[in-house]
Structure formats: structure tokens, C-alpha cells
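What follows is a short report on a single structure.
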Amino acid sequence: METFLILLRGINVGGKNRVLMAELKKFLEGLGYLDVATFIASGNVIVTSDRSAGEIAAHIESALPTAFALDDELVRILVLTRDQLRAIVDDRPAGFGDQPDEYHSDAIFLIGIDAAEAMPIFNPREGVDRVWPGKGVVYSQRLSAQRTKSRLSSMLRSPLYKSMTIRSWGTTVKLLTMLNARD
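Its first residue numbered 103, the sequence shown is counted upward by one per residue in this note's numbering.
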């Protein structure tokens, strides 16, 4: 048995694909996952399972539309081990996420693509945005005071955006804390 973080892409975004976390928890328990816990309504779930990460992703991705009315073109599942999430947090660029009052920092998790493939769709504005490639993630930061001048939203128009799910840095770190508390 191993503990996993499941990131659901495309639910509870802009009023689309609404899924209550209490219902998602019951659904996953019904699929046989143990110790299911959700964190905020953006599709963050921690489970224990004897399946592999790939098996969990395929299982949930195929079963989810049968239980919830979803536009399944938007929904993707990423399953990470504790070690994978720990590496994302530990390997962040120097100072990334350390000044939340000055910068808005996000982890853009990649689903089935790597950072080298994803990086060209970003168009950071000098002095406002910065992006760094990581293993399974793109680190994104924008100057809070210049947020309206950010060009990072231009990536939303790319077909590759369907292979990404975004979490704030604060949420990312909290999820690692929750995984670590499972020991």
C-alpha cells in the first residue's frame, strides 16, 4: 500500500464540471481507495492504494464520467507519489514561493508531456513574469503588482494546456505537508 496525490484537471473551474468534494470522496472510496482525503474544491485528493500511479490515473479517468456529468475533454488525472511531489518542492528555483506578498507563484503540473515540450507556449513579459522548467512541472511566477500585465494566460490558447493542471505554490506545499502527515 502506498499513499498518492491525485490532481484532477478541469473540475470546478469557472462553474464548469462541478464536483462536490464530499461526493468525490465517496466515489473514490466506492472504487476501493482507502484513507481518502480532499483538499479545497479544485480537485486535490490523497488516497492509499495498492495500485500503481498509472493504474490509478486510468481507473479514475475512465470511471469519473460515469458518476459525474463532466465534459471529459477537459478532465485529466495526474497521480503523484510522495517522493515525486517532494522532488517538485525541493527542486524549485532558488527563492521561488518565498515572497507571496510580492509574487504570485504557481506549480503547473504536466500530464503526459515534459517541460521541454511545454516551455515554448509560455510568453513571459520581461519584469512581470518568469517561468522555469522542472521535472514534471513548470514553475510560474508573476509580480503581483503587475498581474494585469502578465502574459502567462496566453498559454491557455495552446492545445498543450489540456496537458497541464495548475496549483498555487501554497497549495502545492500544503499537499506535501498532508502527504508527509500520513507516515
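In this text, a Cβ means the ideal position worked out from N, Cα and C, and glycines have one as well. These figures come from a predicted structure and were not determined experimentally.
Could you tell me the distance, in whole angstroms, from the CA atom of Asp231 to the CA atom of Pro167?
The residue you call residue 231 lines up with position 129 of the sequence shown. The residue you call residue 167 lines up with position 65 of the sequence shown. Straight-line Cα distance between these residues: approximately 36 angstroms.
I'd like to know if the region 121–134 and the region 200–218 are in contact, where contact means that at least 3 CB-CB pairs between them fall below 8 angstroms.
no
With a floor of 4 residues, list each alpha helix (DSSP H) that falls wholly inside the region 194–282, ordered by position along the chain.
With a minimum length of 4 residues, the continuous alpha helix (DSSP H) runs that stay inside the region 194–282 are 217–220 and 271–282.
In whole angstroms, give me the CA-to-CA distance for Gly134 and Phe198.
Within the sequence shown, the letter at position 32 stands for residue 134. Within the sequence shown, the letter at position 96 stands for residue 198. Approximately 37 angstroms between the Cα atoms of the pair.
Going by the beta-carbon positions, is the gap between Met280 and Ala139 smaller than 8 angstroms?
Against the sequence shown, residue 280 aligns to sequence position 178. Against the sequence shown, residue 139 aligns to sequence position 37. Yes.
Nearest residue (CA-CA) to Ala220, options Val191, Gln186, Lys264 and Phe170
Taking the sequence shown and counting its residues from 1, the one referred to as residue 220 is at position 118. Of the candidates Val191, Gln186, Lys264 and Phe170, the one whose C-alpha sits nearest the C-alpha of Ala220 is Lys264.
With a threshold of 8 angstroms on Cβ separation, who are the neighbours of Asp173 within its own chain once the five nearest residues in sequence on each side are excluded?
The count along the sequence shown starts at 1 and reaches residue 173 at position 71. Correct list, in chain order: Gly112, Lys118 and Asn119.
Reduced DSSP secondary structure (H/G/I, E/B, other) of Val138
By one-based count along the sequence shown, residue 138 stands at place 36. Residue state, collapsed to three classes: strand.
Bridge partners for Val191 per DSSP, in chain order?
Locating residue 191 in the sequence shown gives position 89, where the first residue counts as 1. Val191 pairs with nothing; no bridge assigned.
Taking buried to mean at least 16 other C-beta atoms within 10 Å of its own C-beta, is Thr105 buried or exposed?
Position 3 of the sequence shown, counting from 1, holds the residue named residue 105. Of the other Cβ atoms in all chains shown, 16 or more fall within 10 Å of the Cβ of Thr105; this residue is therefore buried.
Use the C-beta contact count for Asn282: other C-beta atoms within 10 angstroms, 16 or more gives buried, fewer gives exposed.
Position 180 of the sequence shown, counted from the start, is the residue given in the question as residue 282. Asn282 should be labelled exposed.
Collapsed DSSP secondary structure at Phe129 in the structure displayed
In the sequence shown, the residue the question calls residue 129 occupies position 27. Three-state result, Phe129: helix.
Pull up the distance between the alpha-carbon of Phe224 and that of Pro235, whole angstroms please.
For the purposes of this step, residue 224 is taken as the residue at position 122 of the sequence shown. For the purposes of this step, residue 235 is taken as the residue at position 133 of the sequence shown. Rounded to the nearest angstrom, the two C-alpha atoms are 11 angstroms apart.
Short Cβ contact (8 angstroms threshold) for Ile108 with Ile162:
In the sequence shown, counting from the first residue as 1, residue 108 sits at position 6. In the sequence shown, counting from the first residue as 1, residue 162 sits at position 60. Taking 8 angstroms as the Cβ cut-off, Ile108 and Ile162 qualify as a contacting pair.
Following the continuous alpha helix (DSSP H) through Ile67, name the residue where it begins and the one where it ends.
Residue 67 is absent from the model: the chain starts at 103 and stops at 285.
If I'm right that Asp192 touches Ser242 with Cβ under 8 angstroms, what's the distance once you round it to whole angstroms?
Taking the sequence shown and counting its residues from 1, one reaches residue 192 at position 90. Taking the sequence shown and counting its residues from 1, one reaches residue 242 at position 140. Incorrect: roughly 18 angstroms between the Cβ atoms, too far for contact.
Alpha carbon of Leu308 to alpha carbon of Ile213, nearest angstrom:
What is shown of the chain runs 103 to 285, which leaves residue 308 out entirely.
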